[in-house]
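Trainee: Before I ask anything, let me first share the structure, which is written out below as structure tokens.
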Amino acid sequence: MSLVKVPIAPGIDQQDTEYGAEGKWFFGKNVRFRYGLPEKIGGFITVSTDALIGAARGIVNWFDLKGEQYLSTGTNKKLYVYQNNDWYDITPTRASGTGNITGWSTVDTTPTVTVTDASHGAIEGDFVTITSVSGAVNGIPAATLQNKQYEIIEVLSSSQYKITATANATSSGTSTVTANAAYEINTNPATSIAGYGWGAGTWGLSTWGTTRAGLAAPNSVQLDSGKWSLDTWGEDLLACQFNGSLYYWDTSASAGTPVAATIVANAPTQNRFVLVSGTDRHVICFGTQLIGTTTQDDMFIRWSDQEDHTAWTPTSINTSGSQRLTDGSKLITAKRSRGAVLVWTDTALYQMQLVGAPFTFGFSQLGSACGAIGLHSAVESNGNSYWMGKDSFFVFDGSVKKIPCSVEDYVFENIDQASQKDTFACLNSEFNEVTWFYPSSGSQQIDRYVTFNYQEKTWSIGDLSRSSWVDKGVYDFPYALDYTASSSTTPISPLSPATEISGVTNGRALMYSQENGTDANGAALESELNSGAFVIPQAGENLMSVRRFIPDFKNISGNVNVDLLFKLYPTSSATTISSTVTPTTNKVDTRARGRQAQISIKTTGIGDNWRYGTYRADVNPDGMR
Numbered sequence: 000m001s002l003v004k005v006p007i008a009p010g011i012d013q014q015d016t017e018y019g020a021e022g023k024w025f026f027g028k029n030v031r032f033r034y035g036l037p038e039k040i041g042g043f044i045t046v047s048t049d050a051l052i053g054a055a056r057g058i059v060n061w062f063d064l065k066g067e068q069y070l071s072t073g074t075n076k077k078l079y080v081y082q083n084n085d086w087y088d089i090t091p092t093r094a095s096g097t098g099n100i101t102g103w104s105t106v107d108t109t110p111t112v113t114v115t116d117a118s119h120g121a122i123e124g125d126f127v128t129i130t131s132v133s134g135a136v137n138g139i140p141a142a143t144l145q146n147k148q149y150e151i152i153e154v155l156s157s158s159q160y161k162i163t164a165t166a167n168a169t170s171s172g173t174s175t176v177t178a179n180a181a182y183e184i185n186t187n188p189a190t191s192i193a194g195y196g197w198g199a200g201t202w203g204l205s206t207w208g209t210t211r212a213g214l215a216a217p218n219s220v221q222l223d224s225g226k227w228s229l230d231t232w233g234e235d236l237l238a239c240q241f242n243g244s245l246y247y248w249d250t251s252a253s254a255g256t257p258v259a260a261t262i263v264a265n266a267p268t269q270n271r272f273v274l275v276s277g278t279d280r281h282v283i284c285f286g287t288q289l290i291g292t293t294t295q296d297d298m299f300i301r302w303s304d305q306e307d308h309t310a311w312t313p314t315s316i317n318t319s320g321s322q323r324l325t326d327g328s329k330l331i332t333a334k335r336s337r338g339a340v341l342v343w344t345d346t347a348l349y350q351m352q353l354v355g356a357p358f359t360f361g362f363s364q365l366g367s368a369c370g371a372i373g374l375h376s377a378v379e380s381n382g383n384s385y386w387m388g389k390d391s392f393f394v395f396d397g398s399v400k401k402i403p404c405s406v407e408d409y410v411f412e413n414i415d416q417a418s419q420k421d422t423f424a425c426l427n428s429e430f431n432e433v434t435w436f437y438p439s440s441g442s443q444q445i446d447r448y449v450t451f452n453y454q455e456k457t458w459s460i461g462d463l464s465r466s467s468w469v470d471k472g473v474y475d476f477p478y479a480l481d482y483t484a485s486s487s488t489t490p491i492s493p494l495s496p497a498t499e500i501s502g503v504t505n506g507r508a509l510m511y512s513q514e515n516g517t518d519a520n521g522a523a524l525e526s527e528l529n530s531g532a533f534v535i536p537q538a539g540e541n542l543m544s545v546r547r548f549i550p551d552f553k554n555i556s557g558n559v560n561v562d563l564l565f566k567l568y569p570t571s572s573a574t575t576i577s578s579t580v581t582p583t584t585n586k587v588d589t590r591a592r593g594r595q596a597q598i599s600i601k602t603t604g605i606g607d608n609w610r611y612g613t614y615r616a617d618v619n620p621d622g623m624r
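Below is the structure:
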């Protein structure tokens, strides 16, 4: 009898074959590595049962001057704030008028209403709040129509659109009843879509409205999802809708009863994203309008005067200014780091650093062929910045370096090309982890993650859908939002005077407290970890006989399923010996034989949890056949 210890290195290795990954973990799901040992990740519970409309694509949290906690997130349809344990809809208004609705059309016994507004400027999916309806509309009382918000279900023309009322009309026809309409900012798709439309390709190459996945721009039109860049301005909030305007939300003005965010006066109205520089307090707009024009330049940067987010025209007595970068075709993202601002294009990394008058900021290129994949694909931790590129992971720790990645093929050969720009990077500082949530191939929605432990230099993978995440600090746990495209849950109410929303299409987001417990919001959080194949040197040319193994688990609760898989050759079918390990299990009898073996650890039940130590087994050489 010989108790043999089989060492297995921490981290997942998907770059090798199962046989070649001897002494390594080959596959994992919802498992992390800490102190060199694998363990199941933490669970999550809902922070609030209130549902948000759309997919959350941007998040920030902060304290105000009184120490009260705030969190804001922007979806493809709305802007929200979480204040005093309640959600509020603070979506800015784009346009409003008095008596701007001049007509209605209905069909008897249906709730669909065609609204006439000469210049509504809305697109399908936008929201309109209707007030002061002057009379009944074909049997629908004024009180039923007014003081409600509606999602526009179809735009017929520049002067007409359709909504869904909360009551049926009693007759068909038109009405000249007037009303006031206030329109929120235009909405965007829930996911990024690539490859639609026409361009420079051959006429008739494909069917109208079908994807052009195999063609590069300009042979295809790229539709970006509705992302937000969010940052704090003191105790207040600055928010920028992707390729949209800059908005401001005042915590003081929203004390007790929150109000909607408002557009920042004088700021550029077309911006890819926004960031506050740091202690020098300049608001910086990236991929913005050229000064004095309405032309947006995806490589152009403008910044406000110091301490004044409304002063954007450069003068001899202020510090506002501009700069155009050259390496790349568009600015992708930016992060504060090491007393400067790092700026990524689609091909390069720049540093933007305060230098004083007359230039305010100086720019230097730090690297090329290292662009970021999306607006939220970079994260900063302890002065180091980590990001995902189109085919690699990178770190800037004083110089740009490619991070060696043992799951690189697993990620980049199976990422959805159309929606990869929706990838979201986040920090989980308690575990020294940077995680990228991304959509797998064929999925337009985020459904996977890859995690890098920057302290232990290990990688792990899993299946989890999160579109936004913010680290612990303001709150006791990391908070994250998940999007469910099929959900029709009743959303939170808009601000007064609209007390409900009518006709809302599917697609909701919920917020979770992460690393909280062991389960998935009351359901089982499944985990799995499989080793590469290993052999026992003592067996030599013979097969090995494994009579038993000694479980070595820490923090075990519930049931842990441990399978031993034995093969004669790498391509042979496996013989599986299954066992269930509990906190009281001392040994597991196996009585199995094979030339190579693998260990598999799985949990599928509520309350299951584990950390694994070392594999030790009673192994003896056996016969050659």
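According to numbering that gives the first Met the number 0, the sequence shown is numbered sequentially starting from 0.
Just so you know, even glycine gets a beta-carbon here, dropped at the ideal spot from N, CA and C.
Within the same chain, show all residues whose beta-carbon is closer than 6 Å to that of I549, passing over the 5 residues directly before and after it, in chain order.
Mentor: The answer, listed in chain order, is K586, R615.
Trainee: Return the chain-ordered list of same chain residues with a C-beta closer than 6 Å to the C-beta of S578, the five sequence neighbours on each side being excluded.
Mentor: For S578, where only same-chain residues beyond five positions count, the Cβ hits under 6 Å are V561, V587.
Trainee: Would you call the region 478–492 and the region 15–23 in contact, with 3 or more CB pairs under 8 Å?
Mentor: The region 478–492, when compared against the region 15–23, does not touch it at the 8 Å Cβ threshold.
Trainee: Quick one: using the 10 Å Cβ neighbour count with 16 as the cut-off for buried, is I576 buried or exposed?
Mentor: Label assigned to I576: buried.
Trainee: Three-state secondary structure (DSSP) at W463?
Mentor: Here residue 463 turns out to be Leu, not Trp, going by the sequence shown. Reduced to three states, the DSSP call for L463 is coil.
Trainee: I need the DSSP call for K420, collapsed to helix, strand or coil.
Mentor: In this structure, K420 counts as helix in the three-state DSSP scheme.
Trainee: What three-state label does DSSP hand T143 in the structure shown?
Mentor: Three-state DSSP puts T143 in a helix.
Trainee: Please identify the residue among E525, T177, D63 whose C-alpha is closest to the C-alpha of A117.
Mentor: Closest by alpha carbon: T177.
Trainee: Suppose you measure from the CA of A164 to the CA of T175; what does that come to, to the nearest Å?
Mentor: Straight-line Cα distance between these residues: approximately 17 Å.
Trainee: Nearest-angstrom Cα distance between K147 and L494?
Mentor: Going from the Cα of K147 to the Cα of L494 covers about 10 Å.
Trainee: Tell me where the alpha helix (DSSP H) around V407 begins and ends.
Mentor: The displayed chain sequence assigns Glu, not Val, to residue 407. It spans 407–411 - the alpha helix (DSSP H) in which E407 sits, taken as one unbroken run.
Trainee: To the nearest angstrom, how far is the alpha carbon of S571 from that of G382?
Mentor: If you take the alpha carbons of S571 and G382, they lie about 49 Å apart.
Trainee: Within 10 Å of its beta-carbon, does T457 have 16 or more other beta-carbons around it, so buried, or fewer, so exposed?
Mentor: Buried, because 16 or more other Cβ atoms sit within 10 Å of the Cβ of T457.
Trainee: Determine the closest residue to I460 out of P6, D15, G27, with distance taken between C-alpha atoms.
Mentor: Of the listed residues, the one whose Cα sits closest to I460 is G27.
Trainee: Please confirm whether G370 and T344 have their CB atoms less than 8 Å apart.
Mentor: Going by C-beta atoms, G370 is nearer than 8 Å to T344.
Trainee: Output the distance between the C-alpha atoms of P6 and T613, rounded to the nearest integer angstrom.
Mentor: Going by the C-alpha atoms only, they are around 7 Å apart.
Trainee: With DSSP as the reference, identify every bridge partner of R610, one or two as the case may be.
Mentor: In DSSP, R610 forms a bridge with E38, K553.
Trainee: Any idea if V354 is buried or exposed, counting beta-carbon neighbours within 10 angstroms, 16 or more meaning buried?
Mentor: Its Cβ having fewer than 16 others within 10 Å, V354 is exposed.
Trainee: Would you say the region 402–416 touches the region 382–394, given that touching needs at least three Cβ pairs under 8 Å?
Mentor: The region 402–416, when compared against the region 382–394, does touch it at the 8 Å Cβ threshold.
Trainee: Considering just the uninterrupted stretch of the beta strand (DSSP E) at N529, what are its terminal residues?
Mentor: Per DSSP, N529 belongs to the beta strand (DSSP E) from 526–530.
Trainee: Quick check on the DSSP output: the beta strand (DSSP E) that includes V273 runs from which residue to which?
Mentor: Segment 272–275, the beta strand (DSSP E) holding V273.
Trainee: Considering only their Cβ atoms, is the gap separating Y79 from L51 smaller than 8 Å?
Mentor: Yes; because the gap between Cβ atoms is below 8 Å, this pair is in contact.
Trainee: Name the DSSP beta bridge partners of S363, please?
Mentor: According to DSSP, S363 bridges with Q350.
Trainee: Indicate whether R93 and N179 have their beta-carbon atoms separated by less than 8 Å.
Mentor: Cβ distance not < 8 Å, so R93 and N179 don't count as in contact.
Trainee: Using a threshold of 8 Å, state whether the C-beta atoms of T250 and D88 are closer than that.
Mentor: Contact: no.
Trainee: Using only alpha-carbon positions, find the residue among N137, Q444, S428 that is nearest to T450.
Mentor: Comparing Cα positions, the closest option is S428.
Trainee: How long is the line joining the alpha carbons of I605 and I555, rounded to whole angstroms?
Mentor: Each residue's alpha carbon lies about 13 Å from the other.
Trainee: Can you name the start and end residues of the beta strand (DSSP E) that M510 belongs to?
Mentor: Counting along the chain, the beta strand (DSSP E) containing M510 begins and ends at 507–513.
Trainee: Is it true that the CB of S104 sits closer than 8 Å to the CB of T45?
Mentor: Not in contact: T45 and S104 (Cβ atoms no closer than 8 Å).
Trainee: To the nearest angstrom, how far is it from the Cα of L214 to the Cα of D415?
Mentor: Reliability fails at L214, whose pLDDT of 44 lies under 50, so the model's placement of it is uncertain and the value that follows must be treated cautiously. Taking the straight line from one Cα to the other gives about 15 Å.
Trainee: State the CB to CB distance for the pair V473 and I58, rounded to an integer number of angstroms; the pair is presumed to be in contact (CB under 8 Å).
Mentor: Contact flag wrong, Cβ pair sits at about 11 Å.
Trainee: Taking the alpha-carbon of K471 as reference, which of N515, S228, S439 has the nearest alpha-carbon?
Mentor: Minimum Cα distance to K471 is reached at N515.
Trainee: Using DSSP's beta-bridge definition, name the partner residues of Q68.
Mentor: Q68 pairs with F62.
Trainee: State the DSSP-derived secondary structure class of Q305, mapped to helix, strand or coil.
Mentor: Three-state DSSP puts Q305 in coil, outside helix and strand.
Trainee: Using a Cβ-Cβ cutoff of less than 8 Å, which residues in the same chain neighbour I40 once the five nearest sequence positions on both sides are dropped?
Mentor: The residues are N29, V30, R31, G461, E514, L524, S526.
Trainee: Quickly, what does DSSP pair S492 with across the bridge? List them, please.
Mentor: S492 is not bridged to any residue.
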